[in-house]
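Participant:
4 protein chains.
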Amino acid sequence: MKKIRVAVVGATGYTGEELVRILADHEDAELSYVSGKEDRDIKIQEIFPYLKNRVNLECKAFSVEEAIEKSDLVFLCLPHTVSMTVAPLFLGAKKKVIDVSADYRLKDKTVYEKFYKVPHKDAVYLKGAVYGLPEINREKIKTAHLIANPGCYPTGAILGLIAGVRGAWLDPSSIIIDAKSGVTGAGRKAEKSLNFSEVNENFKAYKLFEHQHVPEIDQELSRASKKEVRVTFVPHLLPVNRGILSTMYVPLLKKTTTHELIAVYRKFYANEPFVKVYENGALPELKHVAHTNFCDIGMRVNEEKKLAVIVSAIDNLQKGAAGQAVQNMNIMCGFKETSGLR
Amino acid sequence: MKKIRVAVVGATGYTGEELVRILADHEDAELSYVSGKEDRDIKIQEIFPYLKNRVNLECKAFSVEEAIEKSDLVFLCLPHTVSMTVAPLFLGAKKKVIDVSADYRLKDKTVYEKFYKVPHKDAVYLKGAVYGLPEINREKIKTAHLIANPGCYPTGAILGLIAGVRGAWLDPSSIIIDAKSGVTGAGRKAEKSLNFSEVNENFKAYKLFEHQHVPEIDQELSRASKKEVRVTFVPHLLPVNRGILSTMYVPLLKKTTTHELIAVYRKFYANEPFVKVYENGALPELKHVAHTNFCDIGMRVNEEKKLAVIVSAIDNLQKGAAGQAVQNMNIMCGFKETSGLR
Amino acid sequence: MKKIRVAVVGATGYTGEELVRILADHEDAELSYVSGKEDRDIKIQEIFPYLKNRVNLECKAFSVEEAIEKSDLVFLCLPHTVSMTVAPLFLGAKKKVIDVSADYRLKDKTVYEKFYKVPHKDAVYLKGAVYGLPEINREKIKTAHLIANPGCYPTGAILGLIAGVRGAWLDPSSIIIDAKSGVTGAGRKAEKSLNFSEVNENFKAYKLFEHQHVPEIDQELSRASKKEVRVTFVPHLLPVNRGILSTMYVPLLKKTTTHELIAVYRKFYANEPFVKVYENGALPELKHVAHTNFCDIGMRVNEEKKLAVIVSAIDNLQKGAAGQAVQNMNIMCGFKETSGLR
Amino acid sequence: MKKIRVAVVGATGYTGEELVRILADHEDAELSYVSGKEDRDIKIQEIFPYLKNRVNLECKAFSVEEAIEKSDLVFLCLPHTVSMTVAPLFLGAKKKVIDVSADYRLKDKTVYEKFYKVPHKDAVYLKGAVYGLPEINREKIKTAHLIANPGCYPTGAILGLIAGVRGAWLDPSSIIIDAKSGVTGAGRKAEKSLNFSEVNENFKAYKLFEHQHVPEIDQELSRASKKEVRVTFVPHLLPVNRGILSTMYVPLLKKTTTHELIAVYRKFYANEPFVKVYENGALPELKHVAHTNFCDIGMRVNEEKKLAVIVSAIDNLQKGAAGQAVQNMNIMCGFKETSGLR
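Residue numbers (the working numbering), protein chains in the order written: chain A, 1 to 342; chain B, 1001 to 1342; chain C, 2001 to 2342; chain D, 3001 to 3342.
Okay, here's the thing in structure tokens:
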């Protein structure tokens, strides 16, 4: 069977790099075009030496025409607000697009504009874009042409909450999400506050109540609960490279034990290849999911307070970005869903 | 003026080491006795080379008699359940005692026994022990003979909550404390789970609902609010050496703005030498308090949800242990409260 | 084609875990037996949750009989001095053995006894054991029954030196190796000095002149140069999980430029799938080799001083242990040499 | 006695911050002026919250006139090539100057120009500048008006070598310095390569043979040995905030034991308040010197090879920069040499 040809636009950021790493060994897809912000044309395997003997491809200044010519499907790893100027060109040329930016995630343009501070420029394709969280949208992904790949924080939070919200076990009106993310989540940027000496031996909350991932979580939980949900979301910066661990505090709508709530989750995710629900109140750790596409979930119930504490863990570059993007590609293209993801 | 002579029993753990470091340069106190678990008698400045030229003292196997003979005040850095067998001997010999273990913190013996799994052995002195949080007990500390030095988690949590609980701004019945601690909090132990390779690039919650510091927080908040308080407390292990950052979620009892709540805190702590309340919704970071005796507090209110998010940060070995112990000594002995603490 | 059945004895240490991780997805080998030091029988995928859906195998207390019955080839991840009591049993049962301990690496028993402080107990098989560094012993590995898998430090050092030593470019009599290793190199041990708080924000040299890997480096460089070589070797402990970077200082025997020396290395390793020689004086970094089986090598010559500085980098758990062990298996069994190693 | 008034020009970089931290509690000096690159006038204790209650001073845009008016002595924490345009103004106004940049360290202007790529602009004051390493230049420092505060790498390397070079124990013609530095050594910069995710879990050599600190080491060792010395110097970037550990390989000129060489060093540094020489082949670690002004030195001799391995450790921001600058101030001003440095 012939492999499909895939392009990675923006291959030198962390998500782009992770995509190239995964696609280098994918059995059904072939990396056919990569672009980046390097000063000069350079082989991608020289930028990332571990690719030697696995990929042989020039990393070029981005050209839409060349990318269209050389690929059947394109991953857009471009900054927010840039993706929506480029995606229509690929879609117009009948290419499949998986956008890892935020540009097609929020269905309500006014919300997008509030959080990203620019008007949305592509109402047409926004409408048909599918939110690429396979665990809730697998059927739609199969036939989608444009995937809005979920944000890293929303992936961990939504997967940790939705099983309980759907079955009306959890009260969606008072959700608290205390999230902690590794530094690659901020991208490969020159910024003093991301300097090693500022982050190492440090820990802090940031963008309290204001993080741009909040409306994405609200949107998906509202859809699931059929109520208007507004979560309390506090992200923190962890001195690790990879991983997001979210500790979530949610009132229970019914009297429930730890055991019962776990059973609800295990049933909900029974057929999911990339979600693991822990038994007996065991809780996930970042190292359990590092470099994997898994979302691990554990929980305990305080029966007296009727409160569930749910902990989810993902690798922000895998299930939180590149891994999930490849999972989406696999579903869109009819490949084995775990292909390339071990 | 003659310096008082102080002993540090258990000087080779992290808290003991930090005490020795602080006391080495204290203007009113002189280190006169240190004991540790070393195999042989060895100078303390050989164990901790940075003490050279500052201290010249042998670190010995612990002898109550020698410690009593050589000191006026003793810091007990012994394991929980051991302190209460030793403290009475010092107190009987009219020495002042500052116990950094948990043995004298919980007024209710049955609670102690539930969390520490052994019967309490010293009902006599337990009764008179003063919980050594200067910000709430300064007057009692002045005349105390036995100080129960607070736990690290409780110090950050109580200071972050009590100003709001006292004034009835915060609802004490639904407090959620999501706490993150550096690794020295676990002590200097040989334990696989504390191995660098297990903690580095990792992050996890642990002892969910079960941490032994919970009853200490409950006790002090109950006292302050005159209600029975039971907090939801989830500790996490951070890959840093020092520091505890606690993110606390508390419903407001009255309609309040960020600005108003900050004003309440600033007034409450106006004369405190070691508490800083941030303005304008700014939030503390671990690096702001590392190697200091400060507790930094910041907060924001979600008016729509009537919810306060309060963040406190301390250095777990300073304000969370040794620094606070020295602050207590300063108060007990009539020294300047900031002496030795910069 | 039927997969061979492989056993991992000692699967819960770092090297054993890495072996299981690699073998879980190997196309020609099937994990058929794993043993570890757990208190009870437990599925290996419960110990290492990322193995879920990839492996389904009980981790048992070690039984030679069961391991022999269930496997065609066995990886021994046992402590030094234990391997040599077990390997003969497998070899006697006609199983192939890859020993990752040091027990079969040193041909001279007196040297073994000097460094490991116990008499060697298996002269018979020691004689036929092949030192499993494919880049110098590939032909012998093909037909070997017992592989002594090289130590982590020796792998990086020997690969960084041997191309120059073989061609008589480098003077083997004055080699200085300044090596820096991540913490997994010390194994999964409960030991205070490996506690996160002791290693993080720290760096130190250790076992100066005395490290047990010295005789292994000496043996292989002596063999290559046909002279008695004694290197100066100083290992250091790096606050990272994985990786060894060795900076080597070697006098040149002939007038040579950086360019010429690189050409020598590139020719020597031209057909090696897992060695990369950098051009133009570029130097490797740990992150270039992390989680790969590559050894990356860079160098520069100081012509005035006739001195070469050669830097090699490996992942200590991959090329320095488990990855190389699988590479050896691939060669012994006639599989593709890169199979399972990306 | 009246305190002298001191200015810190460039107080928001790492060295400037450390200077402010030290000077905040200095008994003989008073911080009277600080400038930085902030966008607006802001209290220095708001930039660095741990200064609260210790300093109350505005951090301003730099004005020479104001700095001259408000201070008796000035610390210049300005970029290389900028200091030499500013220092003459202070010196002309009869202020004492301690320059922590490289501008006055190299006596030979052509060497400066080769390494810093600009012509030197202040031949006049360069001539009288004193290289501020107290252990070798204390007498000159006492009467100096302009101190060239040594570089961080040179401080650790020179102190580790000079005792042996002076007494003709070490052969200065073949010195190899393998140095490893924490990240604050690179300054507080927005630079991708210093991003946490690039440095954490990584390690690399850099600027091999080309580091700008090489000529400084050569100059001082040449002066000490009265021979033209050219060291081989390879710096590496360590994933820690603070500290430099240098492992140095030096041939011995005479038959010497570890014990004898240590005795030479202990005698040489017998009266030094900030140098510790370890006994019995013990070696320093970064954590022994972190946050102190000490230089710790340990060594072992390989008698067979007539080679000494000497390890020195400093805190790059203390003895390698700000601490040493304060030590120089103390000597220049007749204060106790250890004042402010614990």
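Backbone N, C-alpha and C define an ideal beta-carbon position, used for all residues, glycine too.
Can you list, in chain order, the residues of its chain whose CB lies under 7 Å from that of Leu2253/C, leaving out five sequence neighbours each side?
Facilitator: Position 253 of the third sequence holds residue 2253/C. These residues qualify, in order along the chain: Ala2168, Trp2169, Leu2170 and Asp2171.
Participant: Taking Ala1313/B as part of the beta strand (DSSP E), name the residues at either end of that continuous run.
Facilitator: Taking the second sequence and counting its residues from 1, one reaches residue 1313/B at position 313. Run containing Ala1313/B: Leu1307 to Ile1314, per the beta strand (DSSP E) assignment.
Participant: Kindly indicate which three-state DSSP category Phe2268/C falls into: helix, strand or coil?
Facilitator: Residue mapping note: residue 2268/C aligns to position 268 of the third sequence, counting from 1. Reduced to three states, the DSSP call for Phe2268/C is helix.
Participant: State yes or no: is the C-beta of Asn2293/C within less than 7 Å of the C-beta of Leu2238/C?
Facilitator: Reading the third sequence from its first residue, position 293 is the one you call residue 2293/C. Reading the third sequence from its first residue, position 238 is the one you call residue 2238/C. It is not a contact, given that the beta carbons lie outside the stated cut-off.
Participant: On the premise that Cys1295/B lies in contact with Thr1372/B, defined as a C-beta separation below 8 Å, what is that separation, rounded to the nearest angstrom?
Facilitator: There is no way to answer for residue 1372/B, as the model of chain B reaches only from 1001 to 1342.
Participant: Taking the continuous alpha helix (DSSP H) assigned at Gly2092/C, which residues delimit it?
Facilitator: Residue numbering aside, residue 2092/C sits at position 92 when the third sequence is read from its first letter. Gly2092/C -> alpha helix (DSSP H) spans Ser2083 to Gly2092.
Participant: With H, G and I counted as helix, E and B as strand and the rest as coil, what does DSSP make of Val3100/D?
Facilitator: Counting from one through the fourth sequence, the residue named residue 3100/D turns up at place 100. Coil, per DSSP.
Participant: Given Leu19/A, which residues of its chain have a CB within under 6 Å of its CB, disregarding the five upstream and five downstream residues?
Facilitator: For this step, residue 19/A is matched to residue 19 along the first sequence. Around Leu19/A: Val8, Phe75 and Ala322.
Participant: Taking Cβ positions only, does Glu3201/D come closer than 7 Å to chain C?
Facilitator: To locate residue 3201/D, count along the fourth sequence from 1; it is residue 201. By this cut-off, Glu3201/D is an interface position.
Participant: Alpha carbons only, please: which of Tyr104/A, Ser35/A and Arg138/A is nearest the one belonging to Ala129/A?
Facilitator: Working through the first sequence from its first residue, we reach residue 129/A at position 129. Ranking the options by Cα distance to Ala129/A, first place goes to Tyr104/A.
Participant: What runs of the alpha helix (DSSP H), each 4 residues or longer, lie entirely inside the region 1138 to 1181 of chain B?
Facilitator: Here the runs fully enclosed are 1152 to 1166.
Participant: Assuming Leu2245/C and Leu2194/C form a contact by the criterion Cβ under 8 Å, report the distance between their Cβ atoms to the nearest whole angstrom.
Facilitator: The count along the third sequence starts at 1 and reaches residue 2245/C at position 245. The count along the third sequence starts at 1 and reaches residue 2194/C at position 194. No, Leu2245/C and Leu2194/C are not in contact; Cβ-Cβ is about 20 Å, not under 8 Å.
Participant: Which of the residues in the region 1167 to 1192 of chain B, read from start to end, lie with their CB under 7 Å from any CB of chain A?
Facilitator: Cβ contacts with chain A come from Ile1176, Asp1178 and Lys1180.
Participant: Among Arg166/A, Tyr153/A and Lys305/A, which one has its Cα closest to the Cα of Phe233/A?
Facilitator: Within the first sequence, the letter at position 233 stands for residue 233/A. Phe233/A has its Cα closest to that of Tyr153/A, out of Arg166/A, Tyr153/A and Lys305/A.
Participant: So Leu3031/D contacts chain C; which residues on that side make the cut at Cβ distance below 7 Å?
Facilitator: Numbered from its first residue, the fourth sequence carries residue 3031/D at position 31. Per Cβ cutoff of 7 Å: no residues; Leu3031/D is ~28 Å from chain C at best.
Participant: Taking the DSSP output, what are the residues bridged to Lys1319/B?
Facilitator: Here residue 1319/B refers to the residue found at position 319 when the second sequence is read from its first residue. Paired residue(s): none; Lys1319/B is not in a bridge.
Participant: Does DSSP put Thr12/A in a helix, a strand or coil?
Facilitator: Here residue 12/A refers to the residue found at position 12 of the first sequence. Correct three-state label for Thr12/A: coil.
Participant: Should Thr2085/C be labelled buried (16 or more other beta-carbon atoms within 10 Å of its own) or exposed?
Facilitator: In the third sequence, counting from the first residue as 1, residue 2085/C sits at position 85. It counts as exposed.
Participant: For the candidate residues Pro2273/C, Arg2300/C and Leu2317/C, whose alpha-carbon lies nearest to that of Tyr50/A?
Facilitator: Counting from 1 along the first sequence, the entry for residue 50/A is found at position 50. Cα-wise, what sits closest to Tyr50/A is Pro2273/C.
Participant: Is the distance from the Cβ of Glu3220/D to the Cβ of Ile3147/D below 7 Å?
Facilitator: As a first step, residue 3220/D must be located in the fourth sequence, where it is residue number 220. As a first step, residue 3147/D must be located in the fourth sequence, where it is residue number 147. Cβ distance not < 7 Å, so Glu3220/D and Ile3147/D don't count as in contact.
Participant: State the Cα-Cα distance for the pair Ser181/A and Gln45/A, rounded to the nearest angstrom.
Facilitator: As a working note, residue 181/A is residue 181 in the first sequence. As a working note, residue 45/A is residue 45 in the first sequence. Approximately 28 Å between the Cα atoms of the pair.
Participant: Out of Asp3315/D, Thr3256/D, Arg3230/D and Lys3276/D, which has the shortest C-alpha to C-alpha gap to Glu2304/C?
Facilitator: Indexing the third sequence from 1 puts residue 2304/C at position 304. Checked all of Asp3315/D, Thr3256/D, Arg3230/D and Lys3276/D; the closest Cα to Glu2304/C is Arg3230/D.
Participant: Around the Cβ of Glu1216/B, are there at least 16 other Cβ atoms within 10 angstroms (buried) or fewer (exposed)?
Facilitator: Your numbering for residue 1216/B matches position 216 in the second sequence. So Glu1216/B ends up on the buried side.
Participant: By the 7 Å beta-carbon criterion, what residues does the region 3047 to 3058 of chain D contribute toward chain B?
Facilitator: Residues Pro3049, Tyr3050, Lys3052, Asn3053 and Arg3054.
Participant: Below 8 Å on the Cβ atoms is my contact criterion, and I expect Ala1067/B with Ser1035/B to pass it. Report the Cβ-Cβ distance as a whole number of Å.
Facilitator: By 1-based counting over the second sequence, the position of residue 1067/B is 67. By 1-based counting over the second sequence, the position of residue 1035/B is 35. The Cβ separation is near 7 Å, so the contact holds.
Participant: Please go through the same chain and pick out, in chain order, the residues whose beta-carbon is closer than 7 Å to the beta-carbon of Lys2207/C, but skip the five residues on each side of it.
Facilitator: Start at 1 with the first residue of the third sequence, and residue 2207/C comes out as number 207. Excluding residues within five positions, the ones whose Cβ falls inside 7 Å are Pro2235.
Participant: Taking Leu2073/C as the query, report the chain B residues whose CB atoms sit under 9 Å from its CB, ordered along the chain.
Facilitator: As a first step, residue 2073/C must be located in the third sequence, where it is residue number 73. Residues of chain B passing the Cβ test: none, with the nearest at roughly 28 Å.
Participant: Express the C-alpha separation of His1120/B and Val1064/B in angstroms, rounding to a whole number.
Facilitator: Here residue 1064/B refers to the residue found at position 64 when the second sequence is read from its first residue. Here residue 1120/B refers to the residue found at position 120 when the second sequence is read from its first residue. Distance between the alpha carbons of Val1064/B and His1120/B is about 21 Å.
Participant: I want to see whether chain A comes within less than 7 Å of Lys2276/C, judged by CB atoms only; does it?
Facilitator: In the third sequence, counting from the first residue as 1, residue 2276/C sits at position 276. Cβ-Cβ to chain A under 7 Å: yes for Lys2276/C.
Participant: With DSSP run on the structure shown, which of helix, strand or coil describes Gly1298/B?
Facilitator: Sequence index remark: in the second sequence, residue 1298/B carries index 298 (1-based). Residue state, collapsed to three classes: strand.
Participant: Can you name the residues that DSSP bridges to Phe2075/C?
Facilitator: Counting from one through the third sequence, the residue named residue 2075/C turns up at place 75. According to DSSP, which records beta bridges pairwise, Phe2075/C is partnered with Val2008/C and Ile2098/C.
Participant: Tell me, please, whether the CB atom of Asp2025/C is closer than 7 Å to any CB atom in chain A?
Facilitator: To locate residue 2025/C, count along the third sequence from 1; it is residue 25. So, interface residue.
Participant: Within the 7 Å Cβ cut-off, does Arg1300/B reach chain D?
Facilitator: Within the second sequence, numbered from 1, the residue matching residue 1300/B stands at position 300. No - not a single Cβ of chain D is within 7 Å of the one on Arg1300/B.
Participant: Just to confirm my understanding: we take Leu3073/D, look at its own chain, exclude 5 residues before and 5 after, and list those with CB closer than 8 Å. What are they?
Facilitator: For this step, residue 3073/D is matched to residue 73 along the fourth sequence. Taken in chain order, the residues that qualify are Ile3004, Arg3005, Val3006, Ala3007, Ala3029, Lys3095, Lys3096, Val3097, Ile3098, Met3329, Met3332 and Cys3333.
Participant: Count the other C-beta atoms from every protein chain shown that fall within 10 angstroms of the C-beta of Gly3092/D, then say buried if there are 16 or more, exposed otherwise.
Facilitator: In the fourth sequence, counting from the first residue as 1, residue 3092/D sits at position 92. By the 10 Å Cβ count, Gly3092/D comes out exposed.
Participant: Does DSSP put Ser222/A in a helix, in a strand, or in coil?
Facilitator: Against the first sequence, residue 222/A aligns to sequence position 222. Of the three classes helix, strand and coil, the one that applies to Ser222/A here is helix, per DSSP.
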